[in-house]
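Structure record follows, encoded as structure tokens.
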Amino acid sequence: MSNNVIFPEPLKKGDLIAILSPAGPIDESKVLAAKEVLEKEGFRVKIMPHTFDRWGNYAGTDENRLADLEAALTDPEVKAILCSRGGYGVVHIMEHLDNIDLRNNAKWVIGFSDISALHAAMARQGVASIHASMAAHLQKYGGKDEDSQALFAILRGGRPAFTLPASPLDRPGIAEGTLLGGNVAVLADLINTRYDMMRPDTILFVEDVSEPIYKTERIFYQLRISGVLPKLRGLIVGQFTDSEPDKSYESTEKMIADMVSTYSYPVAFNAPIGHVDHNIPLIENAHVTLKVTPEGDNHLIYWPDKA
407 MSNNVIFPEP LKKGDLIAIL SPAGPIDESK VLAAKEVLEK EGFRVKIMPH TFDRWGNYAG
467 TDENRLADLE AALTDPEVKA ILCSRGGYGV VHIMEHLDNI DLRNNAKWVI GFSDISALHA
527 AMARQGVASI HASMAAHLQK YGGKDEDSQA LFAILRGGRP AFTLPASPLD RPGIAEGTLL
587 GGNVAVLADL INTRYDMMRP DTILFVEDVS EPIYKTERIF YQLRISGVLP KLRGLIVGQF
647 TDSEPDKSYE STEKMIADMV STYSYPVAFN APIGHVDHNI PLIENAHVTL KVTPEGDNHL
707 IYWPDKA
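Heads up, the sequence shown is in our numbering, so the first residue is 407 and it goes up one at a time.
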């Protein structure tokens, strides 16, 4: 992974955003609603040709999904790419992105969940991207909610700071470092590949949905044994939606608190990140400060872009 991170240029009124489906299929109505929201924000929108395709569990064949993504990434007119949804399927096509110079005419890639794999591909070439909600969220809130507005601010060159809710599980401290992370299950499958984003000396953020606690615990043990977990600069624990209690733990969060209890870095729990309505946009590969205090005055603050 490149240490010289490139941040795509800020978007201006009239700039072009491409919408595509690199993973699971999506209802056309969600994409059309997202297009309308983006156009009201002053952007032009291009829906890529295979966005509404369906092929088994996926939004079209691997070849067609890759064709849309490659076309958007290499089109100098496209300034940002909104993935329509997650699901599963990015891993099928991500290795082909190695043949594309993503740093040349870099553009913002937006999405979360399975799109974490696409963020990993961008991070490998040292390009910042945005972990954020997608078409369904824009349809539901019409772009008026605080998370959508924060996303639009980032696209326009802003760096909004976030106040994180307090949790009894928080561990106070202040850390600076590179922000990386996303969906735990997706990123765990990339460990020890050239796309591995769960690395030491970073501020890691994690989230997941419908994962049994023991499966997430197994990933954290892998991170501990490999030496990543002890050497983080900080940890942000997002939402583990629809995770049921088991005989060992009442929650995934309590399990994670136990896993990191012997380390000294700051840990913020209950962050609004993941498969929830309030899903703050995070810039992958950005330099940030994480501040967690005993009073619950927790903040995530971006540093100026470092090119």
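The beta-carbon is built from N, C-alpha and C at its ideal position, and this holds for glycine as well.
Taking all protein chains shown into account, residue 633 has fewer than 16 neighbouring C-beta atoms within 10 Å of its C-beta and is therefore exposed. When DSSP states are grouped into helix, strand and coil, residue 591 belongs to the helix group. By the neighbour-count definition (other C-beta atoms within 10 Å, threshold 16), residue 697 is a buried residue. The stretch 530-542 and the stretch 426-443 touch, with three or more beta-carbon pairs separated by less than 8 Å. Here residue 704 carries a strand assignment [DSSP, helix/strand/coil]. Per DSSP, the continuous alpha helix (DSSP H) segment holding residue 557 begins and ends at 552-561. Counting every other CB atom within 10 Å of its CB across the protein chains shown gives residue 466 a total of 16 or more, marking it as buried.
The beta-carbon separation of residue 568 and residue 684, rounded to 11 Å, does not stay under the 8 Å limit for a contact.
Between residue 687 and residue 518, the alpha-carbon positions lie close to 9 Å from each other. Considering only 590, 631, 462, the residue with the shortest C-alpha distance to residue 679 is 590. For residue 522, the uninterrupted alpha helix (DSSP H) run begins and ends at 522-530, by DSSP. Put simply, the stretch 654-664 does not touch the stretch 522-532. Fewer than three CB pairs are less than 8 Å apart. By the neighbour-count criterion, in which 16 or more other beta carbons inside 10 Å mark a residue as buried, residue 548 falls on the exposed side.
At the C-beta level, residue 449 and residue 481 stay beyond 7 Å of one another.
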